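Numbered per the numbering used here, the sequence shown spans residues 27 to 792.
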Amino acid sequence: MEALRESFLHLTFQMSTYKRATLDEDDLVDSTGDEIYPSSAMQVTLQHGPGPRCWAEKTHTERRLLVLVCALSVALFFSLITVGIFYKETHPGMCLTEPCITVASAVMGALDRSVDPCHDFYNFACGGWVRNNPLPEGKSRWGPFSNLWERNMAVMKHLLENTTMKGLSKAEKKAQRYYKACMNETKIEELGAQPLQELINQTGGWALTGSWDKNNFQEVLRTVSANYRCSPFFTVFVSTDSKSSNSNIIQVDQSGLGLPSRDYYLNKTANAKYLNAYLDFLVELGVLLGGSEETSRSLMQEIVDFETTLANITVPQEERRDEELIYHKIQAKDLATLAPAVDWMPYLTDVFAPVPLNDSEPVVVYAKDYLQKVSDLIASTNKSVLNNYMIMKVLRKMVSILDQKFQDAEQRFFEVMYGTKKSCTPRWKLCVSDTDSALGFALGAMFVKATFDEDSKAIAEDMVSEIKWAFEDSLKYVGWMDQETKKAAKEKADAIYNMVGYPKFIMDPKELDKVFNDFEVGSDLYFQNVMQYYNFSARVTADQLRKTPNRDQWSMTPPTVNAYYNPTKNEMVLPAGILQAPFYSRSWPKALNFGGIGVVMGHELTHAFDDQGREYDKDGNLRSWWKNSSVEAFKKQTQCMVEQYSNYSINKEPLNGKHTLGENIADNGGLKAAYKAYMNWIAKNGEEATLPALGMTNHQLFFVGFAQVWCSVRTPESSHEGVITDPHSPSRFRVIGTISNSHEFSEHFGCKADSPMNPKHKCELW
27 MEALRESFLH LTFQMSTYKR ATLDEDDLVD STGDEIYPSS AMQVTLQHGP
77 GPRCWAEKTH TERRLLVLVC ALSVALFFSL ITVGIFYKET HPGMCLTEPC
127 ITVASAVMGA LDRSVDPCHD FYNFACGGWV RNNPLPEGKS RWGPFSNLWE
177 RNMAVMKHLL ENTTMKGLSK AEKKAQRYYK ACMNETKIEE LGAQPLQELI
227 NQTGGWALTG SWDKNNFQEV LRTVSANYRC SPFFTVFVST DSKSSNSNII
277 QVDQSGLGLP SRDYYLNKTA NAKYLNAYLD FLVELGVLLG GSEETSRSLM
327 QEIVDFETTL ANITVPQEER RDEELIYHKI QAKDLATLAP AVDWMPYLTD
377 VFAPVPLNDS EPVVVYAKDY LQKVSDLIAS TNKSVLNNYM IMKVLRKMVS
427 ILDQKFQDAE QRFFEVMYGT KKSCTPRWKL CVSDTDSALG FALGAMFVKA
477 TFDEDSKAIA EDMVSEIKWA FEDSLKYVGW MDQETKKAAK EKADAIYNMV
527 GYPKFIMDPK ELDKVFNDFE VGSDLYFQNV MQYYNFSARV TADQLRKTPN
577 RDQWSMTPPT VNAYYNPTKN EMVLPAGILQ APFYSRSWPK ALNFGGIGVV
627 MGHELTHAFD DQGREYDKDG NLRSWWKNSS VEAFKKQTQC MVEQYSNYSI
677 NKEPLNGKHT LGENIADNGG LKAAYKAYMN WIAKNGEEAT LPALGMTNHQ
727 LFFVGFAQVW CSVRTPESSH EGVITDPHSP SRFRVIGTIS NSHEFSEHFG
777 CKADSPMNPK HKCELW
């Protein structure tokens with residue numbers, strides 16, 4: 027179209043030149059003083075005489091006038107064509123295809139046009155959606171992510187239940203068997219608490235149902251950690267060595283608590299209802315396992331008190347963001363000096379069996395002070411309390427795989443904890459989700475073959491390249507960073523490895539079967555299948571030790587509606603599950619795709635340069651690769667965002683801008699990169715057709731599409747939990763926090779200076 031427009035412009039220019047040359051030439055030939063409009067000629071025309079005279083009968087002046095009029099008419103004709111083509115490119119009309127009409131209707135339905143977008147863009151973009159989407163029963167939060175996951179689960183349900191499908195691999199059949207066993211409620215109800223009671227007895231029993239006076243702390247700790255994949259006092263795992271990204275290493279860190287965050291234990295007044303509900307839940311579990319109400323309450327109160335002590339020594343997440351400071355590499359034998367309350371070598375040998383270990387095995391510790399304190403706590407605490415705590419951790423982990431009475435107890439706890447209303451959630455949803463957790467890549471292979479368009483993979487990969495170009499181009503204009511560090515940053519962005527859709531191995535039945543070969547799955551006994559999964563995952567973890575990290579080893583399964591960036595592999599992963607509406611559709615305007623999945627891509631890419639990701643170089647190694655001047659400038663720039671987001675509050679509860687800094691950096695960088703990539707697409711392809719009825723430019727649509735991905739409803743309890751635990755800002759502030767830092771947003775929506783969405787002082791980083 028651009029070439030066609032240029033050819034018309036060129037032709038019009040030629041005509042204009044010809045006209046001017048001709049007129050000039052005629053003027054030179056004829057220098058007589060004849061009148062231009064003789065009265066006789068005008069009279070003939072106006073009085074409709076016998077008809078026009080032939081060319082030979084016309085005077086020289088008349089002939090000159092006619093030639094001039096013809097030339098002007100031709101020029102006007104070509105000028106109108108040129109203007110029309112140019113107008114069509116800049117005002118390309120409307121997209122009236124069925125997908126465009128459908129998505130325009132969805133966008134319009136989510137809007138609240140009574141709200142000024144410059145005053146509150148989130149409510150402008152999402153007010154209609156919030157009005158039309160009351161929180162579903164049994165849910166503490168709901169949004170486009172949740173809705174898409176529900177759709178994906180329905181697809182997976184169909185695949186898991188269709189046992190007549192031909193050509194399935196052994197691994198895919200295992201996924202179907204695992205799901206079938208989970209759905210066998212009759213057998214699960216028949217067994218009741220028996221499977222867990224037997225497990226506890228095998229582990230040495232506990233004081234809830236009988237006298238307990240054993241000195242078996244070390245044995246129980248090893249059993250619950252190695253066999254049941256619990257982490258009572260600390261967590262031990264295998265992952266990439268942050269300072270040597272071509273190898274895997276044992277890592278030790280502080281573990282989680284029974285409630286989502288330490289804050290629930292420490293701020294007892296504000297969180298009294300949650301602590302009481304938690305205690306009641308544990309007491310009910312104890313009774314279901316055969317303990318008396320009195321014994322269970324006494325025992326569980328001791329456990330909550332012990333967890334409160336653990337919460338006091340647990341380091342808050344916002345104080346653990348500088349990974350250079352918390353990384354400590356030692357040898358396994360040094361753990362005995364650091365935390366002598368644990369017999370470390372027998373413990374590590376059991377956890378990582380059958381891989382042989384010796385006391386010189388390298389270990390990375392991420393919670394040095396915590397480990398010292400937890401060791402002191404273990405040494406000073408009654409062994410019965412320690413045992414009760416460890417068994418309770420096993421019990422909590424097993425609740426969802428026991429009979430309905432246990433799940434009802436958990437549901438009552440969730441009603442208080444997250445504000446969910448009791449609902450009859452279909453069993454199949456729990457079973458699909460659990461099958462995805464245990465055999466997600468086998469199930470993912472079925473999901474990809476059934477739903478994923480390979481063209482979407484190619485288009486998404488092209489979009490990633492465009493986003494990457496936009497981010498790298500923006501680096502040129504980052505004023506606070508020195509040139510040498512900019513060059514290294516560009517090299518890191520260039521080196522980011524993109525994983526789109528699914529890991530390759532799942533499409534090869536032999537490779538897929540090989541991965542799950544050691545995972546035995548029966549069709550009837552769900553509890554046993556879960557225990558087999560724990561043993562299987564333990565062997566897989568141990569097998570990775572000392573090996574080079576595998577690019578095909580994903581942290582998310584293909585149906586997952588999410589994405590991530592891994593700093594030690596310098597890779598970003600976009601599963602097939604998120605490459606769908608409302609994030610992406612081949613038939614949508616590019617404005618929506620760039621505002622949806624494009625911002626997601628930009629978000630993940632920017633994580634490579636957030637306050638934690640920036641510490642890793644292009645090869646995924648944790649090291650100082652920035653000049654000190656740029657590090658200091660970075661910290662100064664990011665302080666702006668810390669303060670900006672700390673000034674937001676939800677239900678009168680202020681956000682923690684330091685805790686959410688990494689995600690806020692990614693949100694802001696992602697939006698900027700995606701918009702720049704969209705502008706670059708327009709420069710190459712021209713403006714696209716607009717959506718009908720919205721009355722929006724595509725530039726405005728880009729920002730609306732971005733915002734509507736984050737439309738959500740949430741209970742006050744869930745919002746409270748999010749403020750305390752979630753490294754992401756609440757949805758509302760992911761939108762208004764980001765767009766209020768965007769000059770382009772205010773330009774396209776005509777926001778006056780100092781309007782709420784266009785503050786004079788903006789936080790800018792990338």
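From the three backbone atoms N, C-alpha and C, an ideal C-beta is built for every residue, glycine too. The structure displayed is predicted, hence computed values, not measured ones.
Taking the continuous beta strand (DSSP E) assigned at residue i, which residues delimit it?
i	result
Lys355	354–357
Ser265	260–267
Met525	523–527
With 16 as the cutoff for other CB atoms within 10 Å, does residue i come out buried or exposed?
i	result
Pro584	buried
Ala468	buried
Lys502	exposed
Pro601	buried
Tyr523	exposed
Asp24	What the structure shows of the chain is the stretch from 27 to 792, and residue 24 is not part of that stretch, so it cannot be assessed.
Gly110	Low local confidence applies: a pLDDT of 36 at Gly110 is under 50, so the model's placement there is unreliable, with the coordinate-based value given in what follows. Flag for Gly110 reads exposed.
Glu319	exposed
Asp25	This structure leaves residue 25 out entirely; the chain is present only between 27 and 792.
Leu247	buried
Lys448	exposed
Gln638	buried
Trp155	buried
Cys152	buried
His267	In the sequence as displayed, the identity of residue 267 is Asp instead of His. Label assigned to Asp267: buried.
Ala130	buried
Gly776	exposed
Return the CA-CA distance between residue i and residue j, expressed in angstroms with no decimal places.
i	j	result
Ser781	Met667	19 Å
Asp360	Val262	15 Å
Leu106	Gly712	Its pLDDT being 34, under 50, Leu106 is placed unreliably in this model, and the value from its coordinates should be taken loosely. So the two alpha carbons sit approximately 20 Å from each other.
Gly548	Glu176	27 Å
Asn242	Asp429	30 Å
Tyr415	Arg438	22 Å
Ala435	Leu314	9 Å
Asn576	Leu648	18 Å
Val70	Glu773	Only weak support exists for where Val70 lies, its pLDDT of 27 falling under 50; the value from the coordinates is given anyway. Distance between the alpha carbons of Val70 and Glu773: 59 Å.
Leu234	Gly284	18 Å
Ala207	Tyr701	48 Å
Asp348	Gln277	17 Å
Thr477	Arg760	30 Å
Asn682	Glu345	12 Å
Cys789	Met443	35 Å
Leu754	Thr716	Sequence check: residue 754 is His here, not Leu. Distance between the alpha carbons of His754 and Thr716: 32 Å.
Considering only the beta carbon of each residue, do residue i and residue j sit closer than 8 Å?
i	j	result
Leu265	Asn274	Note that residue 265 corresponds to Ser in the displayed sequence, not to Leu. A contact, by the Cβ cut-off of 8 Å.
Met582	Val599	yes
Leu465	Ala709	no
Lys512	Val504	yes
Val735	Pro608	yes
Tyr552	Arg255	no
Leu397	Leu364	yes
Leu631	Asn694	no
Ala405	Ala367	yes
Leu311	Ile329	no
Leu621	Phe531	The identity of residue 621 in the sequence shown is Gly, whereas the question assumes Leu. No, the Cβ-Cβ distance between Gly621 and Phe531 is not below 8 Å.
Thr764	Leu697	yes
From what residue to what residue does the alpha helix (DSSP H) around residue i run?
i	result
Val442	430–443
Ile276	Here Ile276 belongs to no alpha helix (DSSP H); instead the beta strand (DSSP E) covers 270–280.
Asn302	298–314
Ser257	Looking at the DSSP string, Ser257 is not in any alpha helix (DSSP H), and its letter there is neither H nor E.
His746	742–751
Leu397	394–406
Cys126	124–136
Tyr795	Because the chain is modelled from 27 through 792, residue 795 falls outside the range shown and cannot be assessed.
Segments of 4+ residues assigned as alpha helix (DSSP H) that fall wholly inside the region 615–699: 616–619, 625–633, 654–672
Suppose only complete runs of 4+ residues qualify. What are the alpha helix (DSSP H) ranges in the region 155–232, listed by chain order?
170–187, 196–209, 211–217, 220–229
task = Kindly provide the ranges of any alpha helix (DSSP H) runs that are 4 or more residues long and lie completely inside the region 328–387, ordered along the chain.
result = 349–352, 361–364, 370–377
Q) In chain order, which alpha helix (DSSP H) runs of at least 4 residues are fully inside the region 532–598? A) 535–541, 552–570
Q | Start-end ranges of the beta strand (DSSP E) lying completely within the region 461–532, minimum 3 residues | A | 523–527
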